[in-house]
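Asker: Residue numbers (my numbering): 2 to 294.
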Amino acid sequence: MTTTVVMLTEANPAGELVDATAPLINIEDQGLTRGDGVFETMLAANRRVRKCEAHLTRLAGSARLLDLPLPAEDNLRAAVQLAVDAAAQGPQTVLGEEHTVKIIISRGTVEAGPHAWVTVAPSSPTILRQREQGVRVMLLPRGHDPAEDSAYPWLLAGAKTLSYAINMSVLRYVGKHGADDAIWVTNDRRILEGATSSVIVAKTEGQKKVLYTPEPAHGILPGTTQGAIFAGARAAGWELGYGPLYPQDLLEADAVWLASSVRLLAPVTHLNGTPVATDKALTEELLGYLARG
Numbered sequence: 002m003t004t005t006v007v008m009l010t011e012a013n014p015a016g017e018l019v020d021a022t023a024p025l026i027n028i029e030d031q032g033l034t035r036g037d038g039v040f041e042t043m044l045a046a047n048r049r050v051r052k053c054e055a056h057l058t059r060l061a062g063s064a065r066l067l068d069l070p071l072p073a074e075d076n077l078r079a080a081v082q083l084a085v086d087a088a089a090q091g092p093q094t095v096l097g098e099e100h101t102v103k104i105i106i107s108r109g110t111v112e113a114g115p116h117a118w119v120t121v122a123p124s125s126p127t128i129l130r131q132r133e134q135g136v137r138v139m140l141l142p143r144g145h146d147p148a149e150d151s152a153y154p155w156l157l158a159g160a161k162t163l164s165y166a167i168n169m170s171v172l173r174y175v176g177k178h179g180a181d182d183a184i185w186v187t188n189d190r191r192i193l194e195g196a197t198s199s200v201i202v203a204k205t206e207g208q209k210k211v212l213y214t215p216e217p218a219h220g221i222l223p224g225t226t227q228g229a230i231f232a233g234a235r236a237a238g239w240e241l242g243y244g245p246l247y248p249q250d251l252l253e254a255d256a257v258w259l260a261s262s263v264r265l266l267a268p269v270t271h272l273n274g275t276p277v278a279t280d281k282a283l284t285e286e287l288l289g290y291l292a293r294g
């Protein structure tokens, strides 16, 4: 077993290492039975978590939407570092030794209430391969415009919840159709986000270099990786745009990426089977902004 687990308990609020093969979750835990909880996935390089502050901020926002109490931030940080320090050796990349880190907050049982744990595992070969070789992407309809969800707080628009069955289903679907990932679109074909990622588009417009991402106000989960890249790009003189984007914008772009915390930047090589321009130098430039962010 290569996954390291730290549970935050009443006796050890800053976390304790536990046996990942032992029974740890109550069979009636509402995170397990209902997907009632929140999580964050982070990347650790050389045993140091990247963008930890941004992830904890987003975790707090997700928990607030679910009326879910969080452990003290200092305890979460301590538990994360305990798990990272104890983790099995990860693969070596240009970033150093890599691990995938998850913080999970579950509603728990009715009697015991919410609880939290941290897992750390070596980053997967699939993630590293897609980062290097890119991904073939399908456009799939979301079925509704998530911007409409924002008016109804019980729909949890913008929360990163444990209810990920749809996200996993879409990855299985595209895999059966020769693709690696999906980008959601609205009924009028407006670009939203990837199944587990943000969309970033680079375009040259006259003398201007512009980075685009879909409108953040449309019920899209705010991407910590996209945010860090945009901050670095702005400082380097790029102009930034926030949609609306449509499939033709991606096909005519200088390059398109799916951005996420562990995969970082995966160049999109095909969109519904049609080749998309890629630019290795641009990818390296944006990764440089991320490294400094």
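Every residue, glycine too, gets a C-beta built ideally from N, C-alpha and C.
#1: Let me know if residue 263 comes out buried or exposed under the rule of 16 or more other beta-carbons within 10 Å of its beta-carbon.
#2: Within its chain, find whatever has a CB closer than 7 Å to the CB of residue 139; leave out the 5 residues flanking it on each side and keep chain order.
#3: Tell me where the alpha helix (DSSP H) around residue 63 begins and ends.
#4: So, with DSSP's three-state summary, where would you put residue 213?
#5: How would you call residue 68, buried or exposed, if buried means at least 16 neighbouring beta carbons within 10 angstroms?
#6: Measure the CB-CB distance between residue 270 and residue 102 and report whether it falls below 8 Å.
#7: Going along the chain, which residues of its own chain have a beta-carbon closer than 6 Å to the beta-carbon of residue 97, five neighbours each way excluded?
#8: Could you tell me the alpha carbon to alpha carbon distance between residue 119 and residue 224, rounded to whole angstroms?
#9: Looking at C-beta atoms only, is the number of pairs between the stretch 227–247 and the stretch 72–92 that lie closer than 8 Å three or more?
#10: Can you look up residue 260 in the DSSP assignment and give me helix, strand or coil?
#11: Consult DSSP for residue 1 and reduce its assignment to one of helix, strand or coil.
#12: Count the C-beta pairs between the stretch 186–200 and the stretch 103–122 that are closer than 8 Å, then say yes if the count reaches three, no if not.
#13: Buried or exposed for residue 165, going by 16 or more other Cβ atoms inside 10 Å?
#14: Can you check whether the CB of residue 60 is closer than 8 Å to the CB of residue 39?
#15: Going by Cα to Cα distance, which pick from 196, 41, 161 and 188 is closest to residue 1?
#16: Would a C-beta distance cut-off of 8 Å place residue 1 and residue 291 closer than the cut-off?
#17: DSSP on residue 5, reduced to helix/strand/coil?
#18: Can you name the start and end residues of the beta strand (DSSP E) that residue 42 belongs to?
#19: Per DSSP, what are the beta-bridge partners of residue 272 in this structure?
Answerer: In terms of the structure at hand:
#1: Within the sequence shown, the letter at position 262 stands for residue 263. By the 10 Å Cβ count, residue 263 comes out buried.
#2: For the purposes of this step, residue 139 is identified with residue 138 of the sequence shown, where counting begins at 1. If we look at residue 139 and ignore the five residues flanking it on each side, its Cβ neighbours are 175, 178, 180, 183 and 273.
#3: Here the question's residue 63 lines up with position 62 in the sequence shown. Here the alpha helix (DSSP H) through residue 63 covers 53–66.
#4: On the sequence shown, residue 213 is found 212 positions in, with the first residue counted as 1. If DSSP states are grouped into helix, strand and coil, residue 213 belongs with the strands.
#5: Here residue 68 corresponds to residue number 67 of the sequence shown, with the count starting at 1. Looking at its Cβ environment, which holds fewer than 16 other Cβ atoms inside 10 Å, residue 68 is exposed.
#6: Here residue 270 refers to the residue found at position 269 of the sequence shown. Here residue 102 refers to the residue found at position 101 of the sequence shown. In this structure, residue 102 does not lie closer than 8 Å to residue 270 by Cβ.
#7: Along the sequence shown, read from residue 1 onward, the residue named residue 97 stands at position 96. Excluding sequence neighbours, residue 97 sits near 46 and 47.
#8: For this step, residue 119 is matched to residue 118 along the sequence shown. For this step, residue 224 is matched to residue 223 along the sequence shown. Going by the C-alpha atoms only, they are around 21 Å apart.
#9: The stretch 227–247 is not in contact with the stretch 72–92.
#10: In the sequence shown, the residue the question calls residue 260 occupies position 259. Strand.
#11: Because the chain here runs from 2 to 294, residue 1 falls outside it and cannot be looked at.
#12: no
#13: Counted from its first residue, the sequence shown places residue 165 at position 164. Label assigned to residue 165: exposed.
#14: Residue mapping note: residue 39 aligns to position 38 of the sequence shown, counting from 1. Residue mapping note: residue 60 aligns to position 59 of the sequence shown, counting from 1. Going by C-beta atoms, residue 39 is nearer than 8 Å to residue 60.
#15: Shown here, the chain extends from 2 to 294; a query on residue 1 therefore has no answer.
#16: The chain is shown from 2 up to 294; residue 1 falls before or after that span and cannot be answered.
#17: Position 4 of the sequence shown, counted from the start, is the residue given in the question as residue 5. Residue 5 falls in the strand class under three-state DSSP.
#18: Counting from one through the sequence shown, the residue named residue 42 turns up at place 41. Residues 38–46.
#19: Within the sequence shown, residue 272 is the residue found at index 271, counting from 1. 138 and 275, per the DSSP bridge assignment.
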